[in-house]
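Reading through the structure tokens given below for one structure.
Following this line, the structure appears as structure tokens:
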């Protein structure tokens with residue numbers, strides 16, 4: 001029965017991390033106290049997107065969007081809004097630029113530029129309820145495939161839509177399926193790569209948590225198209241909530257006859273199993289992932305043979321990522337032309353990005369391909385906090401690169417990002433403001449890859465370590481100009497000779513920062529100075545005698561007793577003893593300490 | 001749950017090894033895989049001990065030495081770093097009197113680093129066992145650890 005109000009509370013991992021469950025429990029309590037249970041429908045949904053404003057809640061039919069909710073807000077919201085119909089304005093989302101109350105979700109600038117296809121259900125339905133998914137056209141695409149289409153026409157439709165792999169490399173999905181379908185063998189597998197390991201990427205987590213059935217439906221369609229009877233979802237162990245919701249969804253689908261023997265009584269049998277990772281980034285590489293599914297160390301192997309010929313247990317295997325599978329039902333329901341109408345000439349459809357770093361609206365956004373970075377950062381993202389200048393946007397995580405501010409107007413697609421020396425990647429988009437040191441950023445990603453290298457091939461195992469040592473030298477102020485040439489040379493060798501994608505792309509963050517921010521590297525080397533004041537070894541702290549009142553606050557905070565001076569007289573920092581920790585800078589109330 | 005109960009949930013095929021190791025580690029009082037755990041898994045799946053040991057040491061979430069009752073994992077990815085993960089880590093180290101990879105003297109907490117937890121919108125973040133906490137500050141970290149201490 002339709003109730004008077006639908007109250008949707010975000011149950012994405014980020015909102016749960018900011019205690020949405022405490023708020024929800026209190027709200028349910030208050031609704032019960034006021035005897036409103038018959039009129040009000042409280043639903044926990046998947047991620048709604050604006051994570052940093054969490055916990056968030058939308059109340060329909062009016063669409064009032066509440067942010068930063070606390071348990072103590074529940075009572076007033078029920079009394080004012082649920083009973084008297086007056087949304088509590090002070091807790092509604094206010095657009096930062098206009099400072100006006102935004103009462104309707106769609107008027108929020110964060111949502112205006114977005115185009116939700118994959119994330120359509122995320123934040124709108126209860127992910128733990130199969131009926132809600134079915135109520136939103138769920139499993140209709142699968143039904144149509146099984147009853148009205150042959151496997152070949154399914155593949156033709158996917159090919160015609162222009163869908164490309166959303167895991168980063170952008171291989172045409174239809175072609176991948178065609179190869180697996182044509183490959184010889186009775187046993188074939190479908191694998192879903194949900195080992196989302198790029199720092200700053202959380203699209204796949206949100207889809208699995210917010211709309212798990214869309215992935216199951218996509219994988220089942222893939223199974224029908226290529227002739228597989230078994231599929232595996234490989235999820236990283238860092239996402240326990242995603243695993244729980246997926247497991248629940250699999251049970252529901254089996255019970256409803258949407259998985260297992262004789263699906264929808266069409267004679268097609270297909271089932272899915274979950275495999276959980278154990279903390280190895282390299283398992284995001286497809287051949288390493290399959291080794292891990294088989295229960296081995298996650299070591300990549302050379303390609304060819306490609307998985308479509310010889311994958312899991314050496315059988316023909318289709319492997320796609322979560323977002324790719326989640327696109328499929330929309331393509332098969334609405335047609336290839338509908339999908340191909342979105343995006344650019346070579347990159348069709350939408351892309352989900354995880355927006356993080358120095359940006360006002362962090363969270364999950366879905367935009368049509370071809371939108372510019374400027375639109376994402378300044379319109380969807382609401383700009384940079386404190387009106388600081390944007391320095392660069394990092395895409396593609398440790399396999400990608402930094403795109404400087406002057407290229408903000410480039411339309412985003414697979415090709416344009418590659419031309420700029422980065423990659424689309426799985427969709428992590430980290431915004432960096434003027435206070436970021438690009439050398440340090442490159443060093444971070446390289447450290448990450450050194451740590452995560454499986455150690456099998458020497459360019460990656462030894463080469464990356466060598467590059468890291470050079471970068472560490474530079475950030476300590478001990479670099480030479482020859483180091484920059486060495487870094488470039490090593491980068492190209494490692495890219496050309498590494499066994500798998502991890503090594504082949506690991507030098508990208510270094511190459512792209514060298515290309516666009518060479519002067520920052522040079523400042524570290526020639527002037528022994530970190531322009532962004534990040535690299536601690538290169539920062540000097542001095543006390544301005546005129547401003548120092550001799551309060552001794554700094555001397556008391558200094559962990560190495562480098563500061564001396566008499567009370568009420570200017571103090572001095574002994575540069576030979578100073579460890580550049582910055583404690584004195586934070587302790588001084590008179591701005592007497594200068595940081596350079 | 002005993003080891004036997006764990007094994008009963010899985011068929012005797014090698015692809016179940018990682019799942020079995022997860023379960024054995026979760027059931028172990030000290031959150032790690034003992035030599036006996038590895039040997040039992042090897043026997044059950046009829047795999048060489050060296051193979052099982054190789055798999056267990058490859059993945060960072062498996063520990064071959066005893067850990068505390070709760071595992072505190074601080075996210076080390078750039079979005080968290082940009083938002084102050086280092087200050088949070090420093091506070092945790094001070095609070096628990098440990099460095100990364102070490103266990104507090106009362107055997108309650110082991111402090112570890114983790115790769116991206118995927119909650120970058122509420123950075124800096126950490127995970128205690130299966131629960132994720134965001135928007136951390138030194139003060140919040142104190143409260144969270146205090147709460148867990150009181151509960152157990």
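Chains as they are written, first to last, in my numbering: chain U, 1 to 596; chain Y, 1 to 152.
C-beta: ideal position from N, C-alpha, C; glycine also.
(message) If you reduce the DSSP assignment to three classes, tell me which class residue 48(Y) lands in.
(response) coil
(request) Take the Cβ of residue 297(U) as the centre, count every other Cβ of all protein chains shown within 10 Å, and call the residue buried at 16 or more, exposed below. (result) buried
(request) Flag this pair as yes or no: are the beta carbons of residue 49(U) and residue 499(U) separated by less than 7 Å? (result) no
(request) May I ask you to report which of helix, strand or coil DSSP gives residue 342(U)? (result) coil
(message) I'd like to check one pair, residue 162(U) with residue 351(U): are the Cβ atoms closer than 7 Å?
(response) no
(request) Taking only the alpha-carbon atoms, compute the straight-line gap between residue 156(Y) and residue 108(Y) and give it to the nearest angstrom. (result) The displayed coordinates of chain Y run from 1 to 152. Any statement about residue 156(Y) would go beyond what the structure contains.
(message) Closer than 8 Å is the cut-off here; do at least three beta carbon pairs connect the stretch 139-146 of chain U with the stretch 219-238 of chain U?
(response) yes
(request) In the DSSP assignment, find the unbroken beta strand (DSSP E) run with residue 541(U) in it and report its ends. (result) 541-543
(request) Check the Cβ-Cβ distances between residue 97(Y) and every residue of chain U, and say whether any is below 7 Å. (result) no
(request) Report the residue from 113(Y), 96(Y) and 112(Y) whose alpha carbon sits nearest the alpha carbon of residue 105(Y). (result) 96(Y)
(message) Determine whether the beta carbon atoms of residue 91(U) and residue 108(U) lie at a separation below 7 Å.
(response) no
(request) Enumerate in chain order the residues of its own chain whose CB-to-CB distance from residue 207(U) is below 6 Å, with the five nearest sequence positions on each side excluded. (result) 322 and 326
(request) Sort 34(U), 38(U), 18(U) and 12(U) by Cα distance to residue 3(U) and report the nearest one. (result) 38(U)
(message) Any C-beta of chain Y within less than 7 Å: which residues of the stretch 361-388 of chain U qualify?
(response) 362 and 363
(request) Tell me whether residue 445(U) sits in a helix, a strand or coil according to DSSP, three-state version. (result) helix
(request) Note the first and the last residue of the continuous alpha helix (DSSP H) segment covering residue 577(U). (result) Per DSSP, residue 577(U) belongs to no alpha helix (DSSP H) and is neither H nor E.
(message) Can you look up residue 570(U) in the DSSP assignment and give me helix, strand or coil?
(response) coil
(request) Would you list the one or two residues that DSSP bridges to residue 411(U)? (result) 372(U)
(request) Flag this pair as yes or no: are the beta carbons of residue 450(U) and residue 487(U) separated by less than 7 Å? (result) no
(request) Compute the Euclidean distance between the alpha carbons of residue 12(Y) and residue 75(Y), then round it to the nearest angstrom. (result) 35 Å
(message) As an exercise, report each continuous beta strand (DSSP E) stretch of at least 3 residues that is fully enclosed by the stretch 177-255 of chain U, in chain order.
(response) 189-194 and 230-235
(request) Run down chain Y in chain order and give the residues with a C-beta less than 8 Å from the C-beta of residue 441(U). (result) 78
(message) DSSP has residue 354(U) in a bridge; who is on the other side?
(response) 364(U) and 428(U)
(message) I need the straight-line Cα distance from residue 380(U) to residue 372(U), nearest angstrom please.
(response) 11 Å
(message) Taking CB distances under 7 Å as the criterion, tell me whether residue 268(U) reaches chain Y.
(response) no
(message) Only counting the same chain, and skipping five residues up and downstream in sequence, which positions put a Cβ closer than 8 Å to that of residue 289(U)?
(response) 191, 193, 195, 234, 283, 298 and 319
(request) Show which residues of chain U have a CB atom less than 7 Å away from the CB atom of residue 42(Y). (result) Per Cβ cutoff of 7 Å: no residues; residue 42(Y) is ~12 Å from chain U at best.
(request) Go ahead and label residue 25(Y) buried or exposed: buried means 16 or more other beta carbons lie within 10 angstroms of its beta carbon, across all protein chains shown. (result) buried
(request) Using a Cβ cut-off of 7 Å (strictly closer), state whether residue 200(U) contacts chain Y. (result) yes
(request) In the DSSP assignment, find the unbroken alpha helix (DSSP H) run with residue 437(U) in it and report its ends. (result) Where residue 437(U) is concerned, there is no enclosing alpha helix (DSSP H), given that its DSSP letter is neither H nor E.
(message) Within 8 Å, do at least three Cβ pairs link the stretch 530-548 of chain U to the stretch 423-431 of chain U?
(response) no
(message) Tell me which residue opens and which closes the alpha helix (DSSP H) that residue 394(U) is part of.
(response) Premise fails: residue 394(U) lies in the beta strand (DSSP E), 390-395, not in any alpha helix (DSSP H).
(request) Measure the alpha-carbon distance for residue 564(U) versus residue 571(U) and round it to whole angstroms. (result) 6 Å
(request) Could you list the residues in the stretch 56-72 of chain Y with a C-beta less than 8 Å from some C-beta on chain U, going in chain order? (result) 58, 59, 60, 61 and 62
(request) Tell me the start and end of each unbroken beta strand (DSSP E) in the stretch 56-129 of chain Y that is at least 3 residues and wholly inside, in chain order. (result) 70-75, 109-114 and 126-128
(message) I need the DSSP call for residue 384(U), collapsed to helix, strand or coil.
(response) coil
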